[in-house]
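*Asks:*
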Amino acid sequence: MSRPWPGAIRKATFGLAAVLFLFSLALAQEKVLRILEAEKLELRQEGGEEVYVLTGNPVRLERDGEAIEAGRATYFRTRKLLFLSEGVRYRDREGRLVEAEELQIDLSDESFDALEVRIEAKDLLLTGPLCQRVAGAILLENGYATPCASCGQEVPDYAFRAREIVLYPGDRVVARGVVVLVQEKPVLELPVLLLFLSERRPRFEVGQDEGGFYLKAALPYVADFGLGFTLLSYYQGRGYGFGFDHYGTGEAKERYFFLHTPPDTFQYRGEYALKRQGFSLSALVERDDTRDKISRFRLEALLPGIPTPQDWRYALRLEGFLDHDPA
């Protein structure tokens, strides 16, 4: 049983100005919350802890660039816990909107837990039964996500379900245990899926040709050795395709592209160019089965790489091809 405030539980209905004054005064030392709108404030003691209960239609709070709305907000001062219920809307500093039935925020470390969640993160809509934020990352368990929420479609063209979806600060989304959906039908399973919500966002294409429908996805990645896209595709009745489009980030200019589409079509192109004062080296290998089944290659080495007017320059060039057509 909670012990009442000395004398009795004090309940009062205040105008907005009075609520702002009383609650701001109570939290003046903590400097964590600012009330923008509320209809009723209840002050009480529970187990020796001061508890503040706000109700409104809705209660509107602001906290360090984050906007909070709920029908009911309960603040436990000693533990610095804010419990929100009844139509919760929480927009964080990165502009992500979290809607939930219930949401509890620990103001000491900015972590939160939420139930029955809907999250809008730029063009990606995510839903799930349970959500947590720890160290700035939002974890959604048994989640569903689609970039088609703003398209006005009753059945989105593409989406995915995942055992776990993590929204990291910035623009990175990592999903594990993924099932890719086309018009809500499972077509592909992936152990891990990496997405970016910035200009390097994933590219999806759904269409139909003479063999049936197809799904193509270009999923961006970043690594120590470069960045690029993982290429995945599915063709109805024909199978899966895969590949990559990689750009190196080192001293040399590098780009490596590879794509296999069913049943046995290959396309690849590798480019490498390194230019220094003492020497330069360039190489190219390419194949495109949509034109002919021939691999072509070229290698060139120059010494020195950047000659002066009085220098002799030595060059080695090698070119060739390999025919993959047995006919």
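Its first residue numbered 1214, the sequence shown is counted upward by one per residue in our numbering. The beta-carbon is built from N, C-alpha and C at its ideal position, and this holds for glycine as well. Please read all numbers here as calculations on a predicted model, not as lab measurements.
#1: Could you tell me which whole beta strand (DSSP E) segments of length 3 or greater appear in the stretch 1389 to 1453?
#2: Looking at C-alpha atoms only, which residue of Ser1493, Asp1505, Glu1255, Ser1508 is the closest neighbour of Pro1517?
#3: Compute the Euclidean distance between the alpha carbons of Thr1226 and Cys1344, then round it to the nearest angstrom.
#4: State the Cα-Cα distance for the pair Ala1540 and Asp1370, rounded to the nearest angstrom.
#5: Give the C-beta separation of Leu1535 and Ser1495 to the nearest angstrom, bearing in mind that I take them to be a contact with Cβ-Cβ under 8 Å.
#6: Buried or exposed: which applies to Tyr1303, given that a residue is buried once 16 or more other Cβ atoms fall within 10 Å of its Cβ?
#7: Just the Cα atoms here: how many angstroms apart are Phe1470 and Gln1480?
#8: Using a Cβ-Cβ cut-off of 6 Å (strictly less than) and excluding sequence neighbours within five positions of Pro1382, which residues of its own chain qualify?
#9: Could you work out which residue in Arg1306, Gly1284, Lys1293, Gly1308 is closest to Gly1300 when comparing CA atoms only?
#10: Compare the beta carbon distance of Arg1389 and Val1400 with 8 Å and say whether it is the shorter of the two.
#11: Check each candidate in Ala1465, Asp1501, Lys1466 and name the one with the smallest Cα separation from His1473.
#12: Over the uninterrupted beta strand (DSSP E) stretch that includes Gly1261, give me the two end residues.
#13: Is it right to say Ala1334 is buried, meaning 16 or more other beta carbons lie within 10 angstroms of its own, or is it exposed?
#14: With H, G and I counted as helix, E and B as strand and the rest as coil, what does DSSP make of Cys1364?
#15: What residue from Tyr1448, Gly1441, Leu1403, Val1392 has the CA that sits closest to Val1419's CA?
#16: If you draw a straight line from the C-alpha of Thr1521 to the C-alpha of Tyr1527, how long is it?
#17: Which residue marks the beginning of the beta strand (DSSP E) containing Gly1463, and which one marks its end?
*Replies:* The structure says:
#1: Every beta strand (DSSP E) of 3 residues or more that sits fully in the stretch 1389 to 1453 is shown, in chain order, as 1398 to 1409, 1416 to 1422, 1425 to 1436, 1439 to 1448.
#2: Ser1493
#3: Confidence at Thr1226 is low in this model, with a pLDDT of 41, below 50, so its placement is unreliable and the value that follows should be read with caution. Spanning the two alpha carbons is a distance of roughly 34 Å.
#4: The straight-line gap from Cα to Cα measures roughly 42 Å.
#5: Leu1535 to Ser1495, Cβ: 19 Å. No contact.
#6: buried
#7: 8 Å
#8: Gly1349
#9: Gly1284
#10: no
#11: Asp1501
#12: That residue, Gly1261, is in no beta strand (DSSP E); it is neither H nor E in DSSP.
#13: buried
#14: Under the three-state reduction of DSSP output, Cys1364 falls in the helix class.
#15: Tyr1448
#16: Here the alpha carbons of Tyr1527 and Thr1521 stand approximately 13 Å from one another.
#17: No beta strand (DSSP E) holds Gly1463; DSSP gives it neither H nor E.
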